[in-house]
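The structure appears right after this line, and notes come after that.
Given below as structure tokens:
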């Protein structure tokens, strides 16, 4: 089957997904298409039984191309992981899904490839996704993914679930050649690609649920660790700032509102744990011009309280010094 040139490739990255990988692979192999497709699954030296399960499926399904690492590639931070996987892709189109997520629509790939075949001016297509909360062990009522009207809407925040996408492989290659994301310190692998593709191509939204996105208790985009969360948010801001400069864009009011939302989140989190120095840092970054009256009032109260605490501390030190003299 590896000798048959596929029209589409499914790219799956996995690491220690023993609990979820069967559900993920089942979503791939159930796809009904009138064209050949391959499943490229990369296991980054998992320490559980993920690789063992992948081998089991690869023996059963000839269109599965398993890349099983013995040394973790992601930890090298040199782009080797993406390079290894992307070099294996042979399809004209590539659909993305990580090992802890899964597809539910057996016609997902067929419908997306059909659209891209008929519309060469589109670089990618995406859909809606359900959200499974792992800690609550249930499907949430809300859906992930939404349509947007213009490029600036995508700049405000990521509206595209990666597991629902199907992309022109050529567009992905052009993005990698132009941006060289492996040389960036971005914590989001897909969002920068959406922004690049949407500047050069159209992106199609199909309002159908095709997948389930799993929220784990601890991940890059969902972390209880304030430092990890801070790094992720600052990386998101760095990505959007990069494209504004690269494409010589003028930030819109909605973009500044989005920045304020990020900074207010970090301000609130640091204030909550009593780190007033960091809270003050992010409070200062909130642009009053685009802040709601409630937020401006909150900042003023925080400033006054912080100044009073500083004055109290300063006077206390002065009194101690004068007494000792």
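Residue numbers (this note's numbering): 4 to 328.
Cβ atoms here follow ideal geometry from the backbone N, Cα and C, with glycine treated the same way.
Just so it is clear, the structure is predicted and the values come from calculations on it, not from any experiment.
query: For residue 302 and residue 247, I'd like the C-alpha separation in whole angstroms.; result: 28 Å
query: Kindly indicate which three-state DSSP category residue 46 falls into: helix, strand or coil?; result: strand
query: Locate the alpha helix (DSSP H) running through residue 72, then write down its first and last residues.; result: Looking at the DSSP string, residue 72 is not in any alpha helix (DSSP H), and its letter there is neither H nor E.
query: Helix or strand or just coil, what does DSSP make of residue 105?; result: strand
query: Give the DSSP bridge partners of residue 264, in chain order.; result: Answer is none; residue 264 lacks a bridge partner.
query: For residue 158, which of 214, 235, 252 and 85 has the nearest alpha-carbon?; result: 252
query: Taking C-alpha atoms, which residue in 239, 161, 191 and 200 lies nearest to residue 177?; result: 200
query: Using a Cβ-Cβ cut-off of 7 Å (strictly less than) and excluding sequence neighbours within five positions of residue 299, which residues of its own chain qualify?; result: 291
query: Can you tell me which of the three DSSP states residue 240 falls into?; result: helix
query: Per DSSP, what kind of secondary structure is residue 22 in: helix, strand or coil?; result: coil
query: Is the region 79-93 in contact with the region 168-186, if contact means three or more CB pairs nearer than 8 Å?; result: yes
query: Grab me the residues of residue 321's own chain with a C-beta within less than 6 Å of its C-beta, minus the 5 sequence neighbours each way, in chain order.; result: Low confidence applies to residue 321: its pLDDT is 48, below 50, so where it sits in the model is not reliable enough to give any reading.
query: Look up residue 9 in the DSSP assignment and say whether it is helix, strand or coil.; result: coil
query: Is the number of C-beta pairs between the region 54-67 and the region 77-90 that are closer than 8 Å three or more?; result: no
query: Following the continuous beta strand (DSSP E) through residue 138, name the residue where it begins and the one where it ends.; result: Where residue 138 is concerned, there is no enclosing beta strand (DSSP E), given that its DSSP letter is neither H nor E.
query: Hey, is the region 203-210 in contact with the region 124-134, meaning 3+ C-beta pairs nearer than 8 Å?; result: yes
query: Taking residue 273 and residue 282 to be in contact with their CB atoms under 8 Å, please state how far apart those CB atoms are, rounded to whole angstroms.; result: 4 Å
query: Give me whichever residues DSSP pairs with residue 218 in a beta bridge.; result: 136
query: Can you tell me where the beta strand (DSSP E) holding residue 99 begins and where it ends?; result: 96-99
query: Enumerate in chain order the residues of its own chain whose CB-to-CB distance from residue 9 is below 7 Å, with the five nearest sequence positions on each side excluded.; result: 39, 40, 41, 93 and 94
query: May I ask you to verify whether the region 229-238 touches the region 177-192, counting CB pairs closer than 8 Å and requiring at least 3?; result: yes
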